[in-house]
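Going down the list, the protein sequences come from chains A and B.
Those letters in the first sequence? Residues 1 to 394, by the working numbering.
Those letters in the second sequence? Residues 1001 to 1394, by the working numbering.
Ideal placement from N, C-alpha and C gives every residue a C-beta, glycine not left out.
Number of protein chains: 2
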Amino acid sequence: MQITGPWPLHFAKINRVPDSPARTGSVTVRGRTYATPAFMPVGSAASVKALTFPHLAEMSAQICLANAYHLYLRPGIEVVRQFGGLHGFTGWPGAYLVDSGGYQVFSMQGARKITEDGVHFRSYIDGSPHYFDAEKVIDVQMALNPDIAMVLDDCTPYPADRARAQRGVDLTLNWARRAVDHFRSLNLDPLTRPSLFGIVQGSVYPDLRRTCVERLRELDFAGYAVGGLSVGEPKENLWEILEAVAPMLPDDKPKYLMGVGTPEDLVLAVDRGIDMFDCVLPTRNGRNGTAFTSHGAVTAKAARYKFSEEPLDDQCACFVCRTYSRAYLRHLLNINHVTACTLLSYHNIWFYLKLMESLRRAIDTDTFTEYKENFLAAYRSGDRSAPPEEEEET
Amino acid sequence: MQITGPWPLHFAKINRVPDSPARTGSVTVRGRTYATPAFMPVGSAASVKALTFPHLAEMSAQICLANAYHLYLRPGIEVVRQFGGLHGFTGWPGAYLVDSGGYQVFSMQGARKITEDGVHFRSYIDGSPHYFDAEKVIDVQMALNPDIAMVLDDCTPYPADRARAQRGVDLTLNWARRAVDHFRSLNLDPLTRPSLFGIVQGSVYPDLRRTCVERLRELDFAGYAVGGLSVGEPKENLWEILEAVAPMLPDDKPKYLMGVGTPEDLVLAVDRGIDMFDCVLPTRNGRNGTAFTSHGAVTAKAARYKFSEEPLDDQCACFVCRTYSRAYLRHLLNINHVTACTLLSYHNIWFYLKLMESLRRAIDTDTFTEYKENFLAAYRSGDRSAPPEEEEET
């Protein structure tokens, strides 16, 4: 049953490997193409923190994420609408996926009230009252005019008992249906409208997740996201749910794992058939002085690097690693120099994007399992220049 | 009398105009060349705030300034020395001028004590006691190994009575002589050693300034700086002093006006024969949301730009002006997004560098006076998109 499609999103599967659901693909949406598995740098407020869009272009990012909730509050959707949407507002030539803001609204414990109809919440900026529901979020997203839009979901917190998780699935499905109905009622041009993704909820209960997938598939979304993970649950729950859900998602649509994760998580999730990722870790941890490297995470501010002539990552070809020593980066971090945020964020986003590129190459050359094992072994081996004990930072 | 030279700095005068001391030149120092009049972006702690060195290279910066005082405190000169100096530490391929830190030490009212010998001061970081004198500053600078080093001077505050100004000149001359003696005693390779600049003090007293110049010239520095201006004195004092001092400085050496100024100041100082400038205004004001444009300074955060599709400066070809509307920049400033610091700093430094480029072209084509008048008229005309009254920022 095709309710909403066809979408102006084309997902071409390219290769898969025999011993894993891992696969490569190419998504073309409104003239913009991104290779999968893809990592989307997070620019919630229409800019990736401490980086510029030319930075992202030079490191071959192809799709960025923005957030409806943040942009609705500031600068307001009427501003972005005046520029014809996010592409016109920001000048980013690649693809945009906009998250619905469900996660942000639901994170505001105490400052929001969920009903069957929608969510009442207060602005974290000025306390003003606001209301999001399935239809409103579609309207906000259409003003932002991304290539891919996410429906409003109930991002069920962890832990959630079965009744709470069931209620989350019911709300999510109800809102997904209303979002689709409202979206259809707008009668947008099928060739240029944003493509809608559905979001699977159900907490850590595989059967609830499965029900949610089955009902969502009836709505024929352009792609499917797994939400409500990496919200505090043990890692084994994450993999259990992903192994239950990913195979049930339609193979001819992109599969997107929301808000995950570390470099290890990305490799292991690709191994479960995931095509798309977003995560704030590379930029947030970068601003805090943590670098992701092929030998694991490095606390670049550590006193032991005061004289270090080593780059952050001897395997990395980014301009930060080609140009700067750990001693220089530690110096900038140590004085809270704003450029340190840029340099660490640059390296980390580069590291994530190159990891995805390497995963794609490994899948395309049928060396995925070998690549995965080598990457994880090196990543888990730890920073070779670091002594075992922790030191004071000076 | 040639006490310290020859220096590994070659200043080639290129053109001058008939009706002004304005001139173009080319400074080559240890294989690095910069065109004059030159603006030096300020990277006190070995990085220009919110920008990267590739940013500076792509906007054709040729010389940057760093600061001995900041680098002495953090990361410490032993760190920079290990990398062979600032070029090795930071990877910046252009020229480096390092200021002595006199201005910084003398700004710390109450936390420093000046004697005939030198200055006792406390670290603003941890209160630890430190001591700078003429010889110590040379040693610090040699560890930093810039292309151009400044001697320690008494940066006389404003207002200063005649006795205080006289004492400042005496200290400055005494320390300049000691610096030169100490520098000579190091027996550095004349082809690769840093080139020393002397600094003229004397507050707002033209005769004290003149005496200071005469005595400094006996030391045969590689270049001469005018210090102790733009420290709070009225603008007419600045121009009076510059008109007294600049013609007395040797024409075959670069003339450097320290810590000045606005775009108007730069144009007017070039018109007095100044060759080199540094100033924190473009980066500091950029971080605070002020953009310098050909129509004057613009408070980019102003509410009136909420929907503005205009670039910061319709005459500017930098990537910020080519890509972003005022509405987008205002949005990022309004949410204190760290990338806003980068974008505004980028535009402002670009604006300063292109202004110097335009001044050089005007001098070389004998259109300097016309250019100056047109620039000042446009700059003083104010932002055409701004209404006359001030508004609340929202």
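Would you kindly work out how many angstroms separate the C-alpha atoms of A/Asp189 and A/Gly25, rounded to a whole number? Working through the first sequence from its first residue, we reach residue 189 of chain A at position 189. Working through the first sequence from its first residue, we reach residue 25 of chain A at position 25. Computed Cα separation, rounded: 26 angstroms.
Beta-carbon contacts of A/Leu65 that lie in its chain and below 8 angstroms, excluding the five residues immediately before and after: As a working note, residue 65 of chain A is residue 65 in the first sequence. Result list for A/Leu65: Met40, Pro41, Val42, Gly43, Ser44, Tyr96, Leu97, Val98, Asp99, Asp278, in chain order.
Same chain, Cβ closer than 6 angstroms to A/Arg74, five either side skipped, listed in chain order: In the first sequence, residue 74 of chain A corresponds to position 74, counting from 1. Nothing listed; no residue qualifies.
Beta carbon of A/Leu257, beta carbon of A/Ile241: below 7 angstroms? For the purposes of this step, residue 257 of chain A is taken as the residue at position 257 of the first sequence. For the purposes of this step, residue 241 of chain A is taken as the residue at position 241 of the first sequence. Cβ distance not < 7 angstroms, so A/Leu257 and A/Ile241 don't count as in contact.
Where DSSP assigns a beta bridge to A/Phe132, which residues make up the other side? Position 132 of the first sequence, counted from the first residue, corresponds to residue 132 of chain A. Answer is A/Val119, bridged to A/Phe132.
Under the DSSP definition of a beta bridge, which residues are partnered with A/Ala399? Chain A is shown only over 1 to 394; residue 399 of chain A falls outside these bounds and no answer can be derived.
Own chain, CB closer than 6 angstroms to B/Leu1359, minus 5 neighbours either side, in chain order: Here residue 1359 of chain B is taken as the residue at index 359 of the second sequence, counted from 1. Pro1037, Val1270.
Indicate whether the contact test is met: 3 or more Cβ pairs, each with one atom in the region 49-66 of chain A and one in the region 340-359 of chain A, closer than 8 angstroms. yes
By the criterion of Cβ-Cβ separation under 8 angstroms, what are the contact partners of A/Ala327 in chain B? Walking along the first sequence from the start, residue 327 of chain A turns up at place 327. In chain order: Pro1075, Val1079, Gln1082, Phe1083, Phe1089.
Please go through the same chain and pick out, in chain order, the residues whose beta-carbon is closer than 7 angstroms to the beta-carbon of A/Asp366, but skip the five residues on each side of it. Residue 366 of chain A sits at position 366 when you count from the first residue of the first sequence. If we look at A/Asp366 and ignore the five residues flanking it on each side, its Cβ neighbours are Val17.
Which chain D residues are close to A/Cys341, counting only those with a beta carbon under 7 angstroms from its beta carbon? The structure shown contains no chain D; its protein chains are A and B.
Assuming A/Asn67 and A/Gly94 are in contact, meaning their beta carbons sit under 8 angstroms apart, how far apart are those beta carbons, in whole angstroms? Along the first sequence, read from residue 1 onward, the residue named residue 67 of chain A stands at position 67. Along the first sequence, read from residue 1 onward, the residue named residue 94 of chain A stands at position 94. With 8 angstroms as the limit, A/Asn67 and A/Gly94 do not qualify as a contact, their Cβ atoms being about 17 angstroms apart.
Run of the beta strand (DSSP E) containing B/Leu1196, from where it starts to where it stops: For the purposes of this step, residue 1196 of chain B is taken as the residue at position 196 of the second sequence. Note, B/Leu1196: beta strand (DSSP E), 1195-1200.
For B/Pro1282, is the classification buried or exposed, using 16 other Cβ atoms within 10 angstroms of its Cβ as the cut-off for buried? Your numbering for residue 1282 of chain B matches position 282 in the second sequence. Classification of B/Pro1282: buried, given that the 10 Å Cβ count is 16 or more.
For B/Glu1173 and B/Tyr1131, what's the separation of their Cα atoms in angstroms? Indexing the second sequence from 1 puts residue 1173 of chain B at position 173. Indexing the second sequence from 1 puts residue 1131 of chain B at position 131. Checking the sequence shown, residue 1173 of chain B turns out to be Leu, not Glu. Using only the alpha carbons, I get a separation of about 19 angstroms.
At least one CB of chain B closer than 7 angstroms to the CB of A/Leu333: is that the case? For the purposes of this step, residue 333 of chain A is identified with residue 333 of the first sequence, where counting begins at 1. For A/Leu333, not one C-beta of chain B is nearer than 7 angstroms to its own C-beta.
Keeping to the same chain, check which residues put their C-beta closer than 7 angstroms to that of A/Glu309; ignore five residues upstream and five downstream. Counted from its first residue, the first sequence places residue 309 of chain A at position 309. So the list reads Ser325, Ala327, once near-sequence residues are dropped.
Neighbouring residues, chain A, relative to B/Ser1047 (Cβ below 7 angstroms): Position 47 of the second sequence, counted from the start, is the residue given in the question as residue 1047 of chain B. Within chain A, the residues near B/Ser1047 are Leu332, His337, Thr339.
Closer than 7 angstroms, Cβ to any Cβ of chain A: which residues of the region 1050-1077 of chain B, in chain order? Ala1050, Leu1051, Thr1052, Pro1054, Arg1074, Pro1075
Taking the DSSP output, what are the residues bridged to A/Ala302? Start at 1 with the first residue of the first sequence, and residue 302 of chain A comes out as number 302. According to DSSP, A/Ala302 bridges with nothing at all.
Could you tell me if A/Tyr34 is buried or exposed, where buried requires 16 or more neighbouring beta carbons within 10 angstroms of its beta carbon? Here residue 34 of chain A corresponds to residue number 34 of the first sequence, with the count starting at 1. Counting C-beta atoms within 10 angstroms of its own C-beta, A/Tyr34 has 16 or more neighbours from the protein chains shown and is therefore classed as buried.
Quick one: what does DSSP say B/Phe1296 is sitting in, helix, strand or coil? Residue 1296 of chain B sits at position 296 when you count from the first residue of the second sequence. The question names Phe, but residue 1296 of chain B is Gly in the sequence shown. Strand, per DSSP.
Grouping DSSP H, G and I as helix and E and B as strand, with all else coil, what is A/Lys354? Along the first sequence, one-based indexing puts residue 354 of chain A at 354. Helix, per DSSP.
Proximal residues, the region 1294-1318 of chain B versus chain A, C-beta separation under 9 angstroms: Lys1306, Phe1307, Glu1309
Along the alpha helix (DSSP H) that carries A/Ser185, what are the first and last residues, could you check? By 1-based counting over the first sequence, the position of residue 185 of chain A is 185. Counting along the chain, the alpha helix (DSSP H) containing A/Ser185 begins and ends at 162-185.
Name the DSSP beta bridge partners of B/Asp1278, please? Residue 1278 of chain B sits at position 278 when you count from the first residue of the second sequence. In DSSP, B/Asp1278 forms a bridge with B/Met1040.
Would A/Ser203 and A/Ala246 be called neighbours here (beta carbons separated by less than 7 angstroms)? Here residue 203 of chain A corresponds to residue number 203 of the first sequence, with the count starting at 1. Here residue 246 of chain A corresponds to residue number 246 of the first sequence, with the count starting at 1. Going by C-beta atoms, A/Ser203 is not nearer than 7 angstroms to A/Ala246.
Tell me whether A/Glu236 is buried or exposed, calling it buried when 16 or more other Cβ atoms sit within 10 Å of its Cβ. Your numbering for residue 236 of chain A matches position 236 in the first sequence. If you draw a 10 Å sphere on the C-beta of A/Glu236, you find fewer than 16 other C-beta atoms in it, and that means exposed.
Near-chain A residues of the region 1174-1200 of chain B - C-beta to any C-beta below 7 angstroms: none
Are the region 1006-1017 of chain B and the region 303-323 of chain A touching, with three or more C-beta to C-beta distances below 8 angstroms? no
For B/Leu1186, count the other beta carbons within 10 Å of its own beta carbon; 16 or more makes it buried, fewer makes it exposed. Which is it? In the second sequence, the residue the question calls residue 1186 of chain B occupies position 186. B/Leu1186 comes out exposed.
Can you name the residues of chain B whose CB is closer than 7 angstroms to the CB of A/Tyr324? Working through the first sequence from its first residue, we reach residue 324 of chain A at position 324. Within chain B, Gly1091 have C-beta atoms less than 7 angstroms from the C-beta of A/Tyr324, given in sequence order.
With the cut-off set at 7 angstroms, would you say B/Met1142 and B/Leu1353 are in Cβ contact? Counting from 1 along the second sequence, the entry for residue 1142 of chain B is found at position 142. Counting from 1 along the second sequence, the entry for residue 1353 of chain B is found at position 353. The answer is no: Cβ separation not under 7 angstroms.
Are at least three pairs of beta-carbons, each pair with one atom in the region 1107-1122 of chain B and one in the region 1293-1300 of chain B, less than 8 angstroms apart? Below 8 angstroms, too few C-beta pairs join the region 1107-1122 of chain B and the region 1293-1300 of chain B to call them touching: fewer than three.
Measuring CA to CA, which of B/Pro1021, B/Leu1191, B/Ser1047 is closest to B/His1070? By 1-based counting over the second sequence, the position of residue 1070 of chain B is 70. Looking at the Cα atoms, B/Ser1047 is the closest of the given residues.
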